[in-house]
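>
Number of protein chains: 2
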Amino acid sequence: MSSIAHELAKKQKEISVSEFFEKNKQILGFDSLTRALITSVKEAVDNSLDACEDAGVLPDLTVRVEKMENNEYRVTVDDNGPGIVKKQVANVFARLLYGSRFHTRAQRRGQQGIGVSAVVMYSQLTTGKAAKVRSKISDEDVAYEVELILDTKKNKPDIINEDYIIWDRLHGTSFQVHVKGKYVTGKQSVFEYLKGVAIVNPHSKITFIPPEGNAVVFERASEQVPPPTKEVKPHPEGVELGELLSMAKYTESLKMTSFLNTEFSRISYRVAREICDITGVPPDQRPGKLTLEQAGAVLEAIKKVRIMSPETDCLSPIGETLIRKGLKNVLGSLKAEFYAPPVTREPKVFAGNPFIVEVGIVYGGELNREDPVQILRFANRVPLMYQQGACAITQAIEAVDWRRYGLEQRGGQGIPFGPAIILVHVASTKIPFTSESKEAVANVPEIREEIELALKACARSLKTHLNKAAKRGKAKVKFEIVQDIIPMIAEKSAKIVGKPVPDIAGTITKIMNVVWIDDDVKSEKKKQLVTVRIFNYTPKSQSFHLHMLVPYDKIDPKSLKEKPIEMRDGDKVTWEIRRLQSTDVFELGFELAGVTAEQYTENEVYVSGIDPASVIGVEVLPGDWDLEHLRITEEGPEGIEEGEEGEVDYDEGAEVMNNEE
Amino acid sequence: MSSIAHELAKKQKEISVSEFFEKNKQILGFDSLTRALITSVKEAVDNSLDACEDAGVLPDLTVRVEKMENNEYRVTVDDNGPGIVKKQVANVFARLLYGSRFHTRAQRRGQQGIGVSAVVMYSQLTTGKAAKVRSKISDEDVAYEVELILDTKKNKPDIINEDYIIWDRLHGTSFQVHVKGKYVTGKQSVFEYLKGVAIVNPHSKITFIPPEGNAVVFERASEQVPPPTKEVKPHPEGVELGELLSMAKYTESLKMTSFLNTEFSRISYRVAREICDITGVPPDQRPGKLTLEQAGAVLEAIKKVRIMSPETDCLSPIGETLIRKGLKNVLGSLKAEFYAPPVTREPKVFAGNPFIVEVGIVYGGELNREDPVQILRFANRVPLMYQQGACAITQAIEAVDWRRYGLEQRGGQGIPFGPAIILVHVASTKIPFTSESKEAVANVPEIREEIELALKACARSLKTHLNKAAKRGKAKVKFEIVQDIIPMIAEKSAKIVGKPVPDIAGTITKIMNVVWIDDDVKSEKKKQLVTVRIFNYTPKSQSFHLHMLVPYDKIDPKSLKEKPIEMRDGDKVTWEIRRLQSTDVFELGFELAGVTAEQYTENEVYVSGIDPASVIGVEVLPGDWDLEHLRITEEGPEGIEEGEEGEVDYDEGAEVMNNEE
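Top to bottom, those sequences are chains A and B.
All you need for my numbering is the position in the first sequence, starting with 1, plus 540.
All you need for my numbering is the position in the second sequence, starting with 1, plus 540.
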């Protein structure tokens, strides 16, 4: 037995990190030939985009994939970034766990210091060939070009060849490798990856030259570099005990208060003193002296004191417009029925890292009703192509009971079925990926919860839309039946009893007994034509308020025949409908100038001052504009007594208008 | 711009592997508190079991989880393994990428040299406390005990405290950490993990003391240590070009032929010379001189020459019995309808690593029909609890069209619904996990394909069972109707016409016109009572052959009234049914002695020499015993002409018997 322990001891040895990943290349995203090729392109492109953004340059990338012998491909990615200084090139491209972004807390695509060096390692493992890197920085006349391999036993670069050459660029980097791979088109392909990148990085120009030769250019859709995301200190929420102890040990601050203030974001001196008060840790204690018990107390105190939400300028969400655009792009030539207004949540924190979740849903139209919904995942503006099942985004989607929101889902769990595409973007100063291949967000409870909340918020709009559609559909059927059958009965009865056919308009209104409101948006390039029609199918005259969420300053005044009685916050507009006679129709219409179909897809119409049961086509305004995303106020137009004929005092409406803040 | 390149260069630095994982603890399986606790137990248990098996010891493990303050837990795992020599303890437990199993090609639970040190790191990060390790090897009188932390900046152990103490064990290791976690019961829990471990490691005794206190003992079900799995050289299949070049560079062999022969498994000198012949590489060339072109040629040649399948003694599949047992254990008190015979595929190779896939399915009975099927995943005898969606096992299940095999599945993809549990085990000298948390097998094409094939093979048995059940069900309904209604019609008619009720047996046979075969297995401890009943519901007498797959040597001769006319290969048994008269019943029965219900769950009965359309309850024997897993031969009993009364020459049957190999 003892000899076994000694025997085993002899085998114990250190494993170099590159040996580890060489033997576990699947962890880095090289599990199949198709994925290996995509991963190779992806790591290089992520690097290039990060470099351009660091330098505030509008990215201009060329990605070339060439077929060589057998299943070997040559991948070349050129960028117009700032270039890399000579003495760093080898380390950046041929050394694992080496990089500039690991130790900073900022929203970047690359954070691990592994990606592109892993491609070099995979390249030499599968083709035996060195990588070629060319780099030029703007204050030098020539470019530096080097052929590199990664010595996996030492995890150090080996320079095979180096030279200075003329390059007709001011600055930039070119990266070239030979990898074993498989080039495909379709859902999981280099093309789809680059398309995804182009959608959420509209400030980039990407030229893709595929093996078959015909270059595809994803043109720049915006000439603005996104505002640079700032580096931040850790937010105190979710900081671990050991991390706090380690920070206290290595800080340059001499007192606890200054330590807390300088090493964390959102801890003011006041808050720092409050924490010291609660815990009994002396404010001028040296941080290095912090004991385990004190550290525990500090973490508890952090939960109790009021600490502001994280800064948002460290994050770069993709925003409503790009979400819609992303969804539209996936739709291609298909027409959809409804875009749910995209939801961008407030920033939250996990383990000290601020993050934001965004969700968009597009529904119906020509999307396939029999398939599972399509899921588009993005993290820090990078499309995630693989590992869908491992991702917290997918798991959150599976955990929502979509039956409540109008999609099919067996047992209320799993990926729902139906004509929908769901897009989710997570932006953070640190994305917790499930592996080094960076294809799936880990199931961190704080992130998972935010994704679910964002999904539900977006899904509620979908549900409202579907309810409205369903109600209209039902009422329409009833209406058609009533309008078809009543006249026939009238005619038949009249014939039988030998009397003239009676006027049945009144009868129809008695049977229907509803106010029917129908709205519509017609799109004309940069103009949206809005109409709302109100049919009084009740036996009495009706008065009530009609409310719309609409950008008031975009309404072409000439087009607005019926003036509203109130406008608040720039978009909450109220009209008064006065004594609309039984069987009468009232039409409200206006044009929104300079507004695209993407910006205004659907009217949000509400009513108040009328029995909700007798209105079809729109919802009743909850409280006073107490809509999901709006604040609650007390004021509102007077209600009409149920069943009675409505009476609204115009002056009261005017008074409401005066109550605006 | 140049200043940016220089600015960025300043930030470039090395990242220590432990810093990397400290900041990416989710990659190691510490993404949520529940999972963190399970991971902590799992890594320690995996280590203990590997150590015991390395030493050929029957494992006896104690796992204790104690609740401390707040969400802190103390986890202690004791084993009776060989212990660890003093100077290795610190490195084994507090240094990432350090271990004995990474550089060997052998089936082990741990292979990365990360697991247990990651637990120590997580422990100090979340609770600030050191880990305590006690180890005793059998030739020393005292145990060595050490308190350790991992210096993440250097990735080196820091010894806080060490001592020698008396320990009343001959040898073993005890590991204790304090971790932030959450203890739960249910599907994903420490208990379920240990239960899974106990099922597929029946030679282990595991005592679990949960926070609530009552110890649970998973008793040893087998007193045999599984035969030790051997370390092997890489199989030449799937070896990468860069790997071959690197092996050639570092080999001690002086000639190509001896290099190929000694560094790879299954390359004999003859094959090595053949490879040299094909490629033109001189057999006595120094391996270090191998060029890129030559290496490419060698890989191509390896695909062309005949190389044997990999050795199987490096792998330890769990086997039929344990698969059934595993399934049964998950069922608990629920009764199932059918266990499909488990499938163990032949070993295959990916990237030089032999692997085996095993599949078992249990169906029906009291399992829920409305839920998705349950999936049990195992890799190298370790239950996989998390990351189901990321796993090639799940992806293979989702890719099979289960509608063909009798399960519900929308669109023929995704996890099927129905009353079934599917168990899959992958055993390999190297499991390609998707991440360091070792919870999901990567989608490596070779492995994925094998899993699909194994699933389909097992699913075919399920389908046969369901077809049989459905056919019987239908015929039974028809039969019951006929037997109910015909006598009633006869009685009524007789009454009306005032005549006696006629004998209607002949009429029933005319309407049914089938031979009805019903079989049954009754289980009596270690005895299975088999009966096959043949009802001739045709108007003519019938003669044909009846075939069963049954272990002939287990049939108790006393119980076997009706002697078969043929027996082949130990389990292919044929009886002759001679002139079974219309409306007669024939019963065949015997006992299988020393056979358990798990070993023999269902009869496989076939017929030949009769029109398939007129037999209900069994299938017609395809070809001559040309069953899925059997070889094809030419011989077979003579067929009976369709519709005619059957006539079988007994001598012919005897002749078949003589034709046995």
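Yeah, the Cβ is synthetic: ideal placement off N, Cα and C, and Gly gets one too.
On a predicted model such as this, the values are computed, not experimentally measured, just so you know.
Measuring only from the beta carbon, is Ile807/B closer than 7 Å to any heavy atom that is part of the ligand COA?
Among the components modelled here there is no ligand, and therefore nothing to report on the ligand COA.
> Please go through the same chain and pick out, in chain order, the residues whose beta-carbon is closer than 6 Å to the beta-carbon of Val1054/A, but skip the five residues on each side of it.
As a position in the first sequence, residue 1054/A is number 514, starting the count at 1. For Val1054/A, same chain residues with a beta-carbon under 6 Å away, outside a window of 5 residues either side, are Tyr1077, Ser1154 and Ile1156 in chain order.
> So which of Phe890/A, Pro882/A and Phe895/A has the shortest CA-CA distance to Thr1141/A?
Along the first sequence, one-based indexing puts residue 1141/A at 601. With distances taken between CA atoms, Thr1141/A lies nearest to Pro882/A out of Phe890/A, Pro882/A and Phe895/A.
> Is there contact here, the region 544 to 559 of chain B with the region 958 to 971 of chain A, by at least three beta-carbon pairs under 8 Å?
no
> Is there a Cβ from chain A that is less than 8 Å from the Cβ of Ala982/B?
Counted from its first residue, the second sequence places residue 982/B at position 442. So yes, Ala982/B belongs to the interface.
> If the criterion is Cβ atoms closer than 8 Å, does the pair Asp1109/A and Pro1091/A meet it?
Counting from one through the first sequence, the residue named residue 1109/A turns up at place 569. Counting from one through the first sequence, the residue named residue 1091/A turns up at place 551. No; because the gap between Cβ atoms is not below 8 Å, this pair is not in contact.
> Does DSSP put His775/A in a helix, a strand or coil?
Along the first sequence, read from residue 1 onward, the residue named residue 775/A stands at position 235. DSSP places His775/A in coil when its eight states are reduced to three.
> Report the residue ranges of all beta strand (DSSP E) runs contained in full by the region 1053 to 1119 of chain B; include only those spanning at least 3 residues, in chain order.
1054 to 1064, 1067 to 1077, 1082 to 1089 and 1106 to 1108, all fully within the region 1053 to 1119 of chain B.
> At a CB-CB cut-off below 8 Å, which residues of chain A make contact with Thr666/B?
What you label residue 666/B is simply residue 126 of the second sequence in a count that begins at 1. Result: Glu780, Leu781 and Gly782.
> Which class does Arg950/A belong to by DSSP, given the choice of helix, strand or coil?
Residue numbering aside, residue 950/A sits at position 410 when the first sequence is read from its first letter. DSSP places Arg950/A in helix when its eight states are reduced to three.
> How far does the alpha helix (DSSP H) with Pro985/B in it extend, from its first residue to its last?
Mapped onto the second sequence, residue 985/B falls at position 445. Where Pro985/B is concerned, the enclosing alpha helix (DSSP H) stretches over Pro985 to Val1037.
> If you measure beta-carbon to beta-carbon, which residues of the region 723 to 749 of chain A are closer than 8 Å to chain B?
none
> For Leu1069/A and Gly905/A, what's the separation of their Cα atoms in angstroms?
In the first sequence, residue 1069/A corresponds to position 529, counting from 1. In the first sequence, residue 905/A corresponds to position 365, counting from 1. Whole-angstrom Cα-Cα distance: 21 Å.
> For Val629/A versus Tyr723/A, is the C-beta distance shorter than 8 Å?
Here residue 629/A refers to the residue found at position 89 of the first sequence. Here residue 723/A refers to the residue found at position 183 of the first sequence. Their beta carbons are not under 8 Å apart, which means Val629/A does not touch Tyr723/A by this criterion.
> So Ala835/B contacts chain A; which residues on that side make the cut at Cβ distance below 9 Å?
Counting from 1 along the second sequence, the entry for residue 835/B is found at position 295. Contact note: Ala835/B reaches chain A through Gly668, using a C-beta cutoff of 9 Å and chain order.
> Starting from the C-beta of Glu1102/A, find all residues in its chain whose C-beta is less than 7 Å away, skip the five residues before and the five after it, and write them out in chain order.
Start at 1 with the first residue of the first sequence, and residue 1102/A comes out as number 562. Exclusion of the five residues before and after Glu1102/A leaves Trp1115 and Leu1128 as the residues of its chain whose Cβ lies within less than 7 Å of its Cβ.
> Give the DSSP-derived three-state secondary structure of Gly929/B in the structure shown.
Looking up residue 929/B in the second sequence gives position 389. Of the three classes helix, strand and coil, the one that applies to Gly929/B here is helix, per DSSP.
> Against chain B, which members of the region 615 to 640 of chain A pass a CB distance test of less than 7 Å?
Here the close residues are Pro622, Gly623, Ile624, Val625, Gln628, Asn631, Val632, Leu637, Tyr638, Gly639 and Ser640.
> Report yes if the CB atom of Thr713/A is closer than 8 Å to the CB atom of Asp619/A, and no otherwise.
As a working mapping, residue 713/A is identified with position 173 in the first sequence. As a working mapping, residue 619/A is identified with position 79 in the first sequence. Cβ atoms of Thr713/A and Asp619/A: closer than 8 Å.
> Give every residue of the same chain whose Cβ lies closer than 6 Å to the Cβ of Asp540/B, excluding the five residues on either side of it in the sequence, and list them in chain order.
This structure does not reach residue 540/B, given that chain B is present from 541 up to 1201, and the question cannot be answered.
> Mind listing the chain A neighbours of Val821/B? Cutoff is C-beta to C-beta under 7 Å, in chain order.
Against the second sequence, residue 821/B aligns to sequence position 281. None at all; the shortest Cβ gap to chain A is about 15 Å.
> Does the beta carbon of Leu548/A sit closer than 8 Å to a beta carbon anywhere in chain B?
The sequence position of residue 548/A within the first sequence is 8, counting from 1. At least one chain B Cβ lies under 8 Å of Leu548/A.
> Please tell me whether Phe1204/B has its Cβ less than 8 Å away from any Cβ of chain A.
Given a span of 541 to 1201 for chain B in the structure shown, any question on residue 1204/B remains unanswerable.
> Would you verify that the beta carbon of Asp911/B is, or is not, closer than 8 Å to some beta carbon of chain A?
Numbered from 1 along the second sequence, position 371 holds the residue referred to as residue 911/B. Asp911/B counts as touching chain A.
> Once the 5 residues before and after Asn869/B are set aside, which same chain residues still bring their CB inside 6 Å of it?
Within the second sequence, residue 869/B is the residue found at index 329, counting from 1. Cβ within range, chain order: Ile739.
> Using the Cα positions of Ala687/B and Thr666/B, report the straight-line distance between them to the nearest angstrom.
The residue given as residue 687/B occupies position 147 in the second sequence. The residue given as residue 666/B occupies position 126 in the second sequence. Checking the sequence shown, residue 687/B turns out to be Glu, not Ala. Thr666/B has its alpha-carbon roughly 17 Å from the corresponding atom of Glu687/B.
> Given this structure, state the Cα-to-Cα distance separating Leu784/A from Leu832/A, to the nearest angstrom.
In the first sequence, the residue the question calls residue 784/A occupies position 244. In the first sequence, the residue the question calls residue 832/A occupies position 292. Taking the straight line from one Cα to the other gives about 10 Å.
> Is the distance from the Cβ of Arg810/B to the Cβ of Pro776/B below 8 Å?
As a working note, residue 810/B is residue 270 in the second sequence. As a working note, residue 776/B is residue 236 in the second sequence. No. Outside cutoff.
> Which residue from Glu989/B, Leu637/B and Arg648/B puts its Cα closest to that of Val940/B?
Taking the first residue of the second sequence as position 1, residue 940/B is located at position 400. Ranking Glu989/B, Leu637/B and Arg648/B by Cα distance to Val940/B puts Glu989/B first.
> Looking at the structure shown, is Pro697/A part of a helix, part of a strand, or coil, going by DSSP?
Mapped onto the first sequence, residue 697/A falls at position 157. Strand, per DSSP.
> With distances taken between CB atoms, is the gap from Thr974/A to Ala982/A smaller than 8 Å?
For the purposes of this step, residue 974/A is taken as residue 434 along the first sequence, with counting starting at 1. For the purposes of this step, residue 982/A is taken as residue 442 along the first sequence, with counting starting at 1. It is a contact, given that the beta carbons lie within the stated cut-off.
> Below 9 Å on C-beta distance, what does Lys551/B contact in chain A?
Counting from one through the second sequence, the residue named residue 551/B turns up at place 11. Per Cβ cutoff of 9 Å: Gly639, Ser640, Arg641, His643 and Thr644.
> What residues from chain B crowd round Val557/A, counting only those whose CB sits closer than 8 Å?
Residue numbering aside, residue 557/A sits at position 17 when the first sequence is read from its first letter. Neighbours of Val557/A on chain B, chain order: Val557 and Leu637.
> Mind checking which residues open and close the alpha helix (DSSP H) that includes Lys888/A?
As a working note, residue 888/A is residue 348 in the first sequence. Taken as a continuous stretch (DSSP letters only), Lys888/A belongs to no alpha helix (DSSP H), being part of the beta strand (DSSP E) at Lys888 to Phe890.
> Distance check for Glu938/A and Gly782/A, CA to CA, integer angstroms please.
Locating residue 782/A in the first sequence gives position 242, counting from the first residue. Locating residue 938/A in the first sequence gives position 398, counting from the first residue. Going by the C-alpha atoms only, they are around 34 Å apart.
> Check whether the region 691 to 705 of chain A touches the region 643 to 651 of chain A, counting contact only when three or more Cβ pairs, one atom from each stretch, lie closer than 8 Å.
no
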